[in-house]
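Worksheet for the structure shown next.
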Amino acid sequence: MDPRFTRTSSQADLYAPLRPGTDIAFIGGLINYALENNLYFRDYVVNYTNAAFLVDEGYSFHDGLFDGYDPQTKKYDGKSWKYAMGLDEKPLKDPTLTHPRTVFRLLKKHYSRYTVEKVCAITGTSKEVYLEVAKAYCATGRPDKSGTIMYAMGATQHTVGSQNVRSYAILQLLLGNIGVPGGGVNALRGESNVQGSTDMGLLFDQAPGYMALPPAAPEYANLKGYLDKETPKAGFWTNKPKFFVSFLKAMYGEAATPGNQFGYAYLPKRDPKKNYSYISLFEDMYDGQIRGAFFFGQNSAISGPNSNKENSALDKLEWVVISDLWETETAAFWKRPGAKPAEIATEVFLLPAAASFEKEGSITNSGRWIQWRWKAVNPPGEARSDLWILHNLHRRIRARYAASHATKDQPLLNLSWQYGLGEEPDIEAIAREISGYDTRTGQQLTTFLNLADDGTTVGGNWILGGMYPPEGNKAKSRNTADKGGIGSYLGWAFAWPANRRILYNRSSADLHGKPWSNDKKVIWWDPVAGDPLKNEHGKWVGLDVPDFKPTVSPSDAGGSNPFIMRPEGVAGLFSKLNEGPFPEHYEPFESPTANSLSTVNLNPVVKIFKSPMNERGDAEKFPIVVTTFRLSEHMQGGGMTRNLPWLAELMPELFVEISPTLAKARGIIPGQDVVVASARGEVKAKALVTNRWKPLMINGKEVEQIGLPWHFGFMGIATGDVANKLTPHVGDGNTLIPEYKAFLCNIRGVK
Amino acid sequence: MAAVKSTAVATKPKAIYVDTSKCTGCRGCEVACKQWNSLPADPQPFAGSYQTKRDFAPNTYTFVRMNEVATSDGEVRWLFRKSQCMHCTDAACVEVCPKNAIHHTDYGTVYRDADKCIGCGYCVNNCTFGITKLDEVAHKATKCNFCLDRVEAGLEPACAKTCSTGAIQFGDREQMLKLAHQRLAALKPGFPEARIYGEQELGGTGFIYLLTDRPEKFGLPENPVVPWTVKIWQHVVRPAGEVMLGGTVLALLAAALLGAGKTGKVDKAARTGSGTGSNEGGATDAKS
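Here it is, written out as structure tokens:
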């Protein structure tokens, strides 16, 4: 399922083209197909999802909008996106799924509009192919079948990116494909350690382990306020105080005491009204609100959306520090084609960085396996690891402030930095701190269940708790045995949490703890297992570490609530994101057509940056749908690959893939220079004319689509125009991830 | 493989089995080949296709051919095949080499000994698949040597080592043929034109392909043959000449028949596909 017929598509049994930005329509149609044809896994849906829960009377959906929308603020109040509660303060349920206000009925009603005809008119997929996909995929709703959804940036980099992924989750839950082998919603990350960076809280509003960083708001003024606000009343997250206090202990060490709320005041507090994600940062930079910036292995001059604008933003900085393998376009922005270096006052520092094979550390894949990597060779010349650079930056900055008694300097001076006193940072010490230890004995903890909220434990990231037990660093484990034959490889590396390989694997078994199917078994309840001396009468056993309290039997309270991270213990078919509780199709920021499902064209909560250099194009002037993509020969902004002769020769310059019909219409011959133009900019590229692209019939009108890779820039060996000159500064309604994957352009040949 | 001139005791013929149904065209094999053989990059301008290499070159022993093929129902298939020296049993290059610089190894593969090569270009002009090239600076013929140095050290060739999808496998020829036949049986229902290429062709080749479609769709000749000039040379002229004629006369006859007068230059355009339009790559491995 891809707008492009890729090298991966060449291996597919079934290839379904669709217009960029119409994933929710596509998946919504599959949801409808599964429901209408009774192909969903009913026992799973009734018991392990919130399908049977009744929704608040206030909930409604009409013409593309849910209830509670304020067009002024472009926000929903979300007040009624909750369960209807009984007199006992518990959610009302109807396991027969017949009550019109059950989640199930509301879901069915919502997606009943996503008929095959409607969906195919929006996506451009042929009805025949679509039905083939629907039939094949919805057949995995049987207990002895599973299906997986793997996605990458083609799903997320949209104004509806988060809801795209939500739609996958809903479909997978309906088909009982979560918690079973061969199931799941699997993110294929854009880089080998994206999972690791997210786990470690590299987003502006996150602490390590998916806990919020506090905003500067009155209710978050102290630790108690934070914990009251952030700790749910039920589910596993009730342990959050233990995790958060242990995180504060890792941050501030001995300076974190019960008397000073474990150093809570030292944590930076963000402006609650402000968003500090990527696009917003560059908007602020462009407005002159940011003085300097660090770029570690990030080639923003190439990889950021609306490149002309982002390069202009860099022009306004006082200083920039680049840590990279080569002089990237971000390091050389001041000498980019068309720039006037004499007029750019930015001071640029280029720190030579070590490549992955020239340093030690861990990377985490999207299966949450933390895998240790050893250094193969020393870095060349003065190149150093990013960790070395940060360690020594910290040492030098701290030395400068050593004599200060100013309150504002206390967060820095009280920072715990137990990674060695010399120039070389001790990476094992960092791994031990992340995993956690007892402050009284110095003993490494074996699990996050040992973390405490009284300051007696340090745990840098609770989800990685037990990665480094007393016997050593489990990220280094290299046992290749696959005992159960389901690919769990429990002795290879360490998977968070607690070395579990399949999340929510309790849902692979029925209410009584028996696997739904022998073919798809993961864990099961063994009534004779367990140690009676420890008062254990039965235990969860199987081919993976149970994602469940091992001694809670199916008949115990909560014994059949597999989704332990949620307060209600079941998965959320109905669940809040900024746009509402169910994903709804909206057109991209720039679209060739009106939304045929409602009169609301664009995701109603998307923030529009009304700033210079960010024009919005219309279909009259820019009639062609365009998507940007990557090549297996190049990595990201190309800093690592466009400088390597053997890779540069494989993909030497920027090209644009176009259909033969578009080539004919514009008089473009294969290999010819063309100009691709959007409302933001123009790029020159070579034409690749191919039958792999075809125009699609969209709402009764033929629409051409093209695609171009975004790796290229003006530095290195393989050079080419920057495709991101074309993309807009607009992002997802929840995360603000840029909409790189669907916008409008025009194309013309160059003589 | 009858023509294996084996001196070693019980060395089993080796082969590389390429399963085109598993190739994703990532081209890792191209890079691994260049890295192991210390071959510099040979940049070509973009020519309208992912397949940037249009032909073999002294610095390019292997590349993946990418062909777009229209199916009867109007859909498109994108076919990938790693191409390189086939290591034929009936190898024209071995027959025509006046210095025995190209010869069969104990493994049945075809080895080009750069030390012995005088750059006459006979092998270049007579290769069934048009693969061998002449390095006009070093004055040596160039082609894939099946990573003989690695094989002799008990390692698999670089391309097979790096292949991440398992499309390129190395082992005893017998075993590779077995794998190919097993795979063929599995693929036949979905790919009626699927076949094994290299089992019988040219007496059997060191590269065995499992093709999911007809050879021509992958840029291979359906019935590869040793050029007739080579056969006349091999069976008539040389045997007669060695008996009756002096070396100079024989050399002149060789030049006339095998084309040394052309200094080994091969008409590139004849082998390089148009490179235009939907049929990406377009080039074929075939002597023009």
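For the record, the sequence lines run as chains A and B. The opening position of the first sequence corresponds to residue 18 in this note's numbering, with each subsequent residue numbered one higher. The opening position of the second sequence corresponds to residue 2 in this note's numbering, with each subsequent residue numbered one higher. We put the beta carbon where it would ideally sit given N, CA and C, even for glycine. Since we're looking at a predicted model, the values are computed, not measured.
For residue i, which three-state DSSP category applies?
| i | result |
| --- | --- |
| A/W727 | coil |
| A/T769 | This structure cannot settle anything about residue 769 of chain A, because the visible part of chain A is limited to 18 through 768. |
| A/F22 | coil |
| B/H182 | helix |
| A/I307 | coil |
| A/G178 | helix |
| A/D403 | helix |
| A/D332 | helix |
| A/I771 | Residue 771 of chain A is absent from the model: chain A starts at 18 and stops at 768. |
| A/V706 | strand |
| B/R239 | helix |
| A/D561 | coil |
| A/V739 | coil |
| A/A588 | strand |
| A/S770 | Since the first residue shown for chain A is 18 and the last is 768, residue 770 of chain A is missing from the structure and cannot be characterised. |
| A/N660 | coil |
| A/H746 | coil |
| B/D116 | coil |
What do you get for residue i, buried or exposed, if any count of 16 or more other CB atoms within 10 angstroms of its CB means buried?
| i | result |
| --- | --- |
| A/L219 | exposed |
| A/I87 | Before going on, a small fix: residue 87 of chain A reads as Asp here, not Ile. Exposed, by the Cβ-count rule. |
| A/V424 | For clarity, residue 424 of chain A is Thr in the given sequence; the question names Val instead. The residue is exposed, with fewer than 16 neighbouring Cβ atoms inside 10 Å. |
| B/V138 | exposed |
| A/W541 | buried |
| A/D738 | buried |
| B/D74 | exposed |
| B/V65 | buried |
| A/L550 | exposed |
| A/M167 | exposed |
| A/E674 | buried |
| A/Q461 | buried |
Applying a beta-carbon distance threshold of less than 8 Å, which residues of chain A neighbour residue i?
| i | result |
| --- | --- |
| B/D43 | E666 |
| B/W234 | Chain A residues near B/W234: none, gap ~37 Å exceeds 8 Å. |
| B/V32 | W663, L664 and L667 |
Taking residue i as the query, report the chain B residues whose CB atoms sit under 8 Å from its CB, ordered along the chain.
| i | result |
| --- | --- |
| A/K703 | F47 and G49 |
| A/S27 | T25, G26, R78, W79, L80 and F81 |
| A/F22 | V77 and W79 |
List the residues of chain A that residue i touches, going by C-beta distances under 7 Å, in chain order.
| i | result |
| --- | --- |
| B/K35 | W663 |
Would residue i and residue j qualify as a contact pair, given that the criterion is a beta-carbon distance under 9 Å?
| i | j | result |
| --- | --- | --- |
| A/S433 | A/A273 | yes |
| A/K165 | A/N194 | The sequence given here places Thr at residue 165 of chain A; Lys does not occur at that position. Cβ atoms of A/T165 and A/N194: closer than 9 Å. |
| A/Y303 | A/I754 | no |
| A/N325 | A/D341 | no |
| A/T176 | A/D749 | yes |
| A/R709 | A/K742 | no |
| A/L47 | A/G141 | no |
| B/E202 | B/N224 | yes |
| B/D56 | B/K162 | no |
| B/G120 | B/D107 | no |
Going by C-alpha distance, which of the options is nearest residue i?
| i | options | result |
| --- | --- | --- |
| A/Y283 | A/G688, A/D426 and A/F70 | A/D426 |
| B/D114 | B/Y198, B/A161, B/F171 and B/C98 | B/C98 |
| A/K286 | A/L240, A/T132 and A/F299 | A/L240 |
| A/P629 | A/I307, A/W336, A/F350 and A/H746 | A/H746 |
| A/G459 | A/T473, A/F43 and A/L466 | A/T473 |
| A/S592 | A/L550, A/M582, A/N49 and A/K99 | A/K99 |
| A/Q180 | A/L671, A/G654 and A/P605 | A/P605 |
| A/V617 | A/T25, A/F78 and A/Q28 | A/F78 |
| A/L191 | A/A393, A/A69 and A/G178 | A/A69 |
| A/N763 | A/K701, A/P514, A/E364 and A/M268 | A/K701 |
Given that residue i touches chain B, what residues does it touch there, using C-beta distances under 7 Å?
| i | result |
| --- | --- |
| A/F672 | F47 |
| A/S383 | Correct list: empty, because the minimum Cβ distance to chain B is about 17 Å. |
| A/S649 | C27 |
In chain A, which residues lie less than 9 Å from residue i when you measure between Cβ atoms?
| i | result |
| --- | --- |
| B/A71 | N708 |
| B/T53 | E666, L667, M668 and P669 |
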